[in-house]
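Below: the structure, in C-alpha cells.
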Amino acid sequence: MTGTEHLIVIATGLVAGLLTSTVGVASLVSFPVLVALGIPPVVANASNTVGMIPAGLGGSLGYRRELREQPAVTWVVVATCAFGSIGGAVLLLALPSGVFEAIVPWLILFTCLLVGATPTISRWLRSRKPHEVGPRTKMSPVTTFFATLTGVYGGYFGAGSGVMMMAVLGLGLDLDLRIVNALKTLAVMAANVVAGLIFVFVADLDYTAVGLLAIGSIVGGYTGAHVGRVLPPTLLRILIVLAGVIAAVTMLT
C-alpha cells in the first residue's frame, strides 16, 4: 500500500468504528474499501473481522454504563454470539467465497423492516399476552437462538450483523434502545474476537490492513458510543433503517 492508501484505510476504520457503535453497518463500509485496494475478498473479509475488533472494544467501553444496567443479558449476548461466530468462521473457511451474496441484501432489508417496526410489533405481542406484566428483561430461548444465529452470520460475513442483532434484541427484550445498541455493539465485538482468533491461526490476513483499521476503528467505536447515547431513540431507529437499506441496495447494484 502507498502512504495515501494507508490514510484511506485509517479513515475507513474511523468511519466504520462510528457505524459499529451507532447504526451497525460497519463492514459494509470497510470491507468494500479493502477489496477496492486490491486485497482478495476472502483475505479482506478475514482481515476486516480482525481489524474491527478494536471498534467493538472502544464502543463497549463507551457504552459501559448501559452494559452495567443489564449484566445478566450482557453475558448471555456475549456467550451466544461468541459461540455462534465459531460456526460462522468455519463456514467462511470451508465454503466458496460469495456463497451468500444473493441472499444477504434481502436479509439486511428484512431486518431493517423489523428494526423499524419493533415498537409496533412489541405492542402487538404484549396485547396478545396481557397476563404477562412487567418488561421482558431476560433472554428467552427463542431470542437466545436467534442471537446465536446472528453470531454465526457475524463470524461468516458480518455485514449488517449489527442491524440484525438490533432486530433480535429489540423484539425479544423490552429495553431502552440505547441499551439495545450497547448490547449490539458488544455482540459484534464478541463475534469478531472469536472469529478473529480463528482467522489469525488458519486464514490468510493482510496485517497492514488489520493494523490500520484497528487504529481508526478504536477511536471511531468509542466516539460512536457517545453519539449513539445522545441520539433520540426514534432518530436512531430511522438512521439504522436508512443505513441498512442503503447498504442492501448498494450490494444489489
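Number 213 in the UniProt record's numbering belongs to position 213 of the sequence shown; there are no gaps in the numbering.
Cβ atoms here follow ideal geometry from the backbone N, Cα and C, with glycine treated the same way.
Please read all numbers here as calculations on a predicted model, not as lab measurements.
Check	Outcome
Per-residue DSSP class, three states only, for residue 71	helix
With 16 other Cβ atoms within 10 Å as the buried cut-off, status of residue 235	exposed
Presumed contact (8 Å Cβ cut-off) between residue 222 and residue 59, rounded CB distance	7 Å
Under 7 Å between C-beta atoms of residue 212 and residue 6	yes
Within 7 Å, strictly: CB atoms of residue 210 and residue 51	yes
Coarse secondary structure for residue 139, derived from DSSP in three states	coil
Where residue 207 falls, given that 16 or more other Cβ within 10 Å makes a residue buried	exposed
Residues of its chain near residue 178, where Cβ-Cβ distance is below 6 Å and the 5 sequence neighbours each way are ignored	66, 229
Of the listed residues 171, 142, 186, nearest to residue 162 (C-alpha basis)	186
4 or more residues per run - each alpha helix (DSSP H) lying fully within the segment 155-228	161-172, 177-202
Chain-order list of residues whose beta-carbon lies under 7 Å from that of residue 93 (same chain, five-residue window excluded)	202, 203
Touch test, the segment 146-154 against the segment 77-84, Cβ-Cβ under 8 Å, three pairs minimum	yes
Three-state class that DSSP yields for residue 87 in the structure shown	helix
Cβ contact (3+ pairs, closer than 8 Å) linking the segment 167-182 and the segment 140-148	yes
Reference residue 22; option with closest CA among 245, 111, 36, 231	231
For residue 234, the three-state DSSP class (helix, strand or coil)	helix
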